[in-house]
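A.B. asks: Questions regarding the structure given below will be posed in turn.
There are 2 protein chains.
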Amino acid sequence: MSRIVMKFGGTSVADLACIRNVATRVKREVEAGNEVAVVVSAMAGTTNQLVGWCQDLSPLHDAREYDTVVATGEQVTTGLLAISLQEIGVEARSWQGWQIPIRTDNDHGKARIAGIEGAELIRRMQTGQVAVVSGFQGIGTDNRVTTLGRGGSDTSAVALAAALHADRCDIYTDVDGVYTTDPRIVPQAKKLARISYEEMLELASVGAKVLQVRSVELGMVHNVRIFVRSSFDKPEDIDPFANHPPGTLICDESEIMEQQVVTGIAFSKDEAQISIRHVPDKPGVAAAIFGPLAEANVNVDMIVQNVSADGSTTDLTFTVPSSDYERANVVLKKSKDAIGYSYLDGSTDVAKVSVIGIGMRSHAGVAAQAFKALAEQQINIRAITTSEIKFSLLIDAARTDAAVRTLHSLYGLDK
Amino acid sequence: MSRIVMKFGGTSVADLACIRNVATRVKREVEAGNEVAVVVSAMAGTTNQLVGWCQDLSPLHDAREYDTVVATGEQVTTGLLAISLQEIGVEARSWQGWQIPIRTDNDHGKARIAGIEGAELIRRMQTGQVAVVSGFQGIGTDNRVTTLGRGGSDTSAVALAAALHADRCDIYTDVDGVYTTDPRIVPQAKKLARISYEEMLELASVGAKVLQVRSVELGMVHNVRIFVRSSFDKPEDIDPFANHPPGTLICDESEIMEQQVVTGIAFSKDEAQISIRHVPDKPGVAAAIFGPLAEANVNVDMIVQNVSADGSTTDLTFTVPSSDYERANVVLKKSKDAIGYSYLDGSTDVAKVSVIGIGMRSHAGVAAQAFKALAEQQINIRAITTSEIKFSLLIDAARTDAAVRTLHSLYGLDK
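Chains as they are written, first to last, in the working numbering: chain A, 1 to 415; chain B, 1001 to 1415.
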């Protein structure tokens, strides 16, 4: 017997037929003797409609009222799923954020969870009642409904799993797990049976859009096993702890026996590079550059600054999302005197490729292999950054697919 | 300066344009120096969709989950109206039943209001903030959302007006007030400037579908002035206490100066008559008849039993809605031996016409005038019941319009 949190997104509860399917899946877990809580999103399309209404009435609408409107989407799903479960003989009860309560701060529209009181839910789950919980929402100290921001249902589910001391949190999504890289680029990409929180964070933050980053962070902090699986896979209750489970288990690295050196290759084509030439090499210059960019809401990613040869000036390169490229240039030109550089250059025709693996920590020369392999393919590396379990390379956008395939093969992920 | 509760039904908030119109009306009351709370229904069509989903998933769905689903309709409207008000410079805040709270019993799907804590709302209204309140719902002692049943928003509004010690409760509807009778039958029908609670209750319960009966009862008990007006009339703030206000004020009879003897004529064509012949005239026989009918959910209306001539048997006549006619006959035939009657007869081709007026209490002969006038029109009266401020006549359905016109003219309502 396990205690499980199951999370279903909007496409999994898009209509009444989908909701009935979810009820059948939940029933199977209950019949296997598990205690179950279910976290649901709004029916697909609902949230967009509600958000659209708010924006139509007032582009600068009050976030508290926005939350009041938008949170109804999940409430409807909880009630409908509870009814569906009862209809097939499973005891169930719906719960909104204010009823449990799921306490958050008062940052309406993008609130953060402060705490969840799980005792009453645990008591009921122990009697066999399924708790059907609205994702994406909570209640602020102002006694008003808060929402966690788009995609917040993953975070709700993991936070609830932590509060309920659940054995795992099953996230049902459109994909059937986490892959070594994008199968559309590399057909040999393999689904990972397990991946550590740290690796998943690096994969997610560089473009593998399976899970909200916040939910993985939360899982890591509270050591909640997150099992990513498809809403459309066969519903047989296959062991998520097996060698070949139906999805991917995101867990502590200590639970991963045969750790590969490299776990996955991520990439992002939506990058632009900006280089600032002949920046004075003195204290405060980085602040003079990145302060104004942050104020302008430009999201800076890779930053590369080399040690200057002569101790007087240096070049500084960083990347931004392509959509921020023009804005970043405008901001930097305004700051030209304050920074004191000589000129800017850059390109929107670049891509970032990242190699991720916890095993890198104990294996030397992992990056060096990449440099050699890419050179053999005549792929030029514009910039390099490294962290403990990841290194990222900035290359010409046109060579992205070739680079990803080369690296995927190089690190034995094709097998 | 007055404290006002304004209530808008589903057709008044059917889409964003309608909600903006409502906001403009509310703003006008605020600018006139009034403290305002607004009670809203779900956008037209929403509740039916939500109810339909619950029924689709389970015909015998859990009323608690039904309430969770259906109550979202009003929640959406409150948030959208608050946003609309803020957009035009009116401070506003939405309130759900559980936030105020509006306490109810736990009779989910048709709960009754137990109490409303108005202090915080009054405090905010006194600072100029408009309270936008979800109609039709509250919170049970089980900490779950309850709904008051269809049409419950009128009741919410009047209950809120009582809790807030409001000077009046403005109910905006599809019609522009309460008429002496149905203008589709009698073109000379007049809109009433004022009507007493008691008369309104009699009018409403016999088919004038302007307000929920419960809301009028509540208004009478707490002496809340209810002002029925059209959502579509000119929005100028015309005095509801004037001789010719834009709508109808439902108030205590002491506020009505020139009381007419007869206030209005109501009628219902959806009636069926059942007569039970040769019923033993002894104690317990009425219970033997109406007990089984109540158990079968047959809604019995007029009951006429005459004093028996010989002290042994009597005839007993009553009316039911046409849709219950067959069921009532089945029930009565099963009870034939228990009741001991000789035979049943009846008709679905009957109508009930009611004459209502508080003035009847002090004027003799009001009903007698009706009998004479109808006789002159060759309209046969099948049965008669009377109460203090109303008498009802059962006639052939085909003569309904003629009877209503005759009575409307007879009592001077055409002028």
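Just so you know, even glycine gets a beta-carbon here, dropped at the ideal spot from N, CA and C.
Which residue marks the beginning of the alpha helix (DSSP H) containing A1364(B), and which one marks its end?
C.D. replies: Where A1364(B) is concerned, there is no enclosing alpha helix (DSSP H), given that its DSSP letter is neither H nor E.
A.B. asks: By DSSP, does T181(A) sit in helix, in strand, or in coil?
C.D. replies: Reduced to three states, the DSSP call for T181(A) is coil.
A.B. asks: May I ask which residues mark the beginning and end of the alpha helix (DSSP H) holding P292(A)?
C.D. replies: Segment 285-295, the alpha helix (DSSP H) holding P292(A).
A.B. asks: Would you mind reading off the limits of the alpha helix (DSSP H) that contains M1125(B)?
C.D. replies: That run of the alpha helix (DSSP H) goes 1119-1126.
A.B. asks: Checking contacts by CB at 7 Å: is D56(A) closer than that to chain B?
C.D. replies: Closer than 7 Å to some Cβ of chain B, the Cβ of D56(A) qualifies, so yes.
A.B. asks: Quick check on W95(A): does DSSP put it in helix, strand or coil?
C.D. replies: Three-state result, W95(A): strand.
A.B. asks: Under a Cβ-count criterion, where at least 16 other Cβ atoms within 10 Å of its own Cβ denotes burial, should R1361(B) be classed as buried or exposed?
C.D. replies: Under this definition R1361(B) is an exposed residue.
A.B. asks: Helix, strand or coil for F1371(B) per DSSP?
C.D. replies: If DSSP states are grouped into helix, strand and coil, F1371(B) belongs with the helices.
A.B. asks: I think T1248(B) touches A1328(B), with their Cβ atoms under 8 Å apart; what is that distance to the nearest whole Å?
C.D. replies: Actually they are not in contact, since the Cβ atoms of T1248(B) and A1328(B) sit about 35 Å apart, beyond 8 Å.
A.B. asks: According to the neighbour-count rule (16 or more other Cβ atoms, all chains shown, within 10 Å of its Cβ), is A1242(B) buried or exposed?
C.D. replies: That one is exposed.
A.B. asks: In three-state terms, what does DSSP make of Y411(A)?
C.D. replies: Y411(A) falls in the coil class under three-state DSSP.
A.B. asks: Is there contact between the region 82-97 of chain A and the region 128-136 of chain A, where contact requires at least three CB pairs shorter than 8 Å?
C.D. replies: A contact exists between the region 82-97 of chain A and the region 128-136 of chain A.
A.B. asks: Taking only the alpha-carbon atoms, compute the straight-line gap between R124(A) and W95(A) and give it to the nearest angstrom.
C.D. replies: Whole-angstrom Cα-Cα distance: 12 Å.
A.B. asks: If you compare alpha carbons, which of C1018(B), M1001(B), I1004(B) is closest to F1232(B)?
C.D. replies: Among C1018(B), M1001(B), I1004(B), the Cα nearest to that of F1232(B) belongs to C1018(B).
A.B. asks: Give the secondary structure of A131(A) by DSSP, where H, G and I count as helix, E and B as strand, and everything else as coil.
C.D. replies: The answer is strand: DSSP assigns A131(A) an E or B state.
A.B. asks: So, are the CB atoms of V36(A) and V133(A) less than 7 Å apart?
C.D. replies: Contact: no.
A.B. asks: What do you get for D324(A), buried or exposed, if any count of 16 or more other CB atoms within 10 angstroms of its CB means buried?
C.D. replies: D324(A) is buried by the Cβ-count criterion.
A.B. asks: Could you check the C-alpha separation between M257(A) and S196(A) for me, to the nearest Å?
C.D. replies: The alpha-carbon atoms of M257(A) and S196(A) are separated by roughly 11 Å.
A.B. asks: Note down, one range per segment and in chain order, each alpha helix (DSSP H) of at least 4 residues found wholly within the region 189-222 of chain A.
C.D. replies: 197-205, 213-222, all fully within the region 189-222 of chain A.
A.B. asks: Answer yes or no: do R1020(B) and S1084(B) have a C-beta to C-beta separation smaller than 7 Å?
C.D. replies: Contact flag set, yes.
A.B. asks: Going along the chain, which residues of the region 74-86 of chain A sit with their C-beta nearer than 7 Å to a C-beta in chain B?
C.D. replies: Those would be Q75, V76, T78, G79, L80, A82, I83, S84, Q86, in chain order.
A.B. asks: Taking only three categories from DSSP, how would you classify G52(A)?
C.D. replies: Reduced to three states, the DSSP call for G52(A) is helix.
A.B. asks: Can you list the residues of chain B that R50(A) reaches, using a CB-CB cut of under 8 Å?
C.D. replies: The amino acid occupying residue 50(A) in the given sequence is Leu; Arg does not appear at that position. Those are V1076, listed as they occur along chain B.
A.B. asks: Would the beta-carbon of V175(A) be found less than 6 Å away from any heavy atom of the ligand COA?
C.D. replies: What this structure holds is no ligand at all, so the ligand COA is not there to describe.
A.B. asks: Taking a contact to mean a Cβ-Cβ separation below 7 Å, would you say T385(A) touches I265(A) in this structure?
C.D. replies: Going by C-beta atoms, T385(A) is not nearer than 7 Å to I265(A).
A.B. asks: Can you find a CB in chain A that lies within less than 7 Å of the CB of T1068(B)?
C.D. replies: Yes, T1068(B) counts as interfacial toward chain A.
A.B. asks: In the DSSP output, what is M6(A) paired with across the bridge?
C.D. replies: Note: M6(A) sits in a beta bridge opposite V38(A), D170(A).
A.B. asks: Does any residue of chain B bring its CB to less than 7 Å from the CB of E258(A)?
C.D. replies: Cβ-Cβ to chain B under 7 Å: no for E258(A).
A.B. asks: Going by DSSP in three states, D337(A) sits in which element: helix, strand or coil?
C.D. replies: Correct three-state label for D337(A): helix.
A.B. asks: Take the Cβ of P246(A) as the centre, count every other Cβ of all protein chains shown within 10 Å, and call the residue buried at 16 or more, exposed below.
C.D. replies: Buried, because 16 or more other Cβ atoms sit within 10 Å of the Cβ of P246(A).
A.B. asks: Quick check: the region 1100-1119 of chain B against the region 62-82 of chain A, are at least 3 beta-carbon pairs closer than 8 Å?
C.D. replies: Not touching, per the Cβ criterion.
A.B. asks: With a CB to CB cut of under 7 Å and the five nearest residues on each side skipped, what residues in its chain are close to R1399(B)?
C.D. replies: Answer for R1399(B): I1379, listed in chain order.
A.B. asks: Cβ closer than 8 Å: which chain B residues qualify as neighbours of L16(A)?
C.D. replies: Residues of chain B passing the Cβ test: W1053, D1056, L1057.
A.B. asks: Quick one: what does DSSP say I1250(B) is sitting in, helix, strand or coil?
C.D. replies: I1250(B) falls in the strand class under three-state DSSP.
A.B. asks: Comparing C-alpha positions only, which one of I1358(B), T1146(B), D1174(B) sits nearest to R1229(B)?
C.D. replies: Checking every option, the nearest Cα to that of R1229(B) belongs to D1174(B).
A.B. asks: Which residue marks the beginning of the alpha helix (DSSP H) containing R1028(B), and which one marks its end?
C.D. replies: Counting along the chain, the alpha helix (DSSP H) containing R1028(B) begins and ends at 1016-1031.
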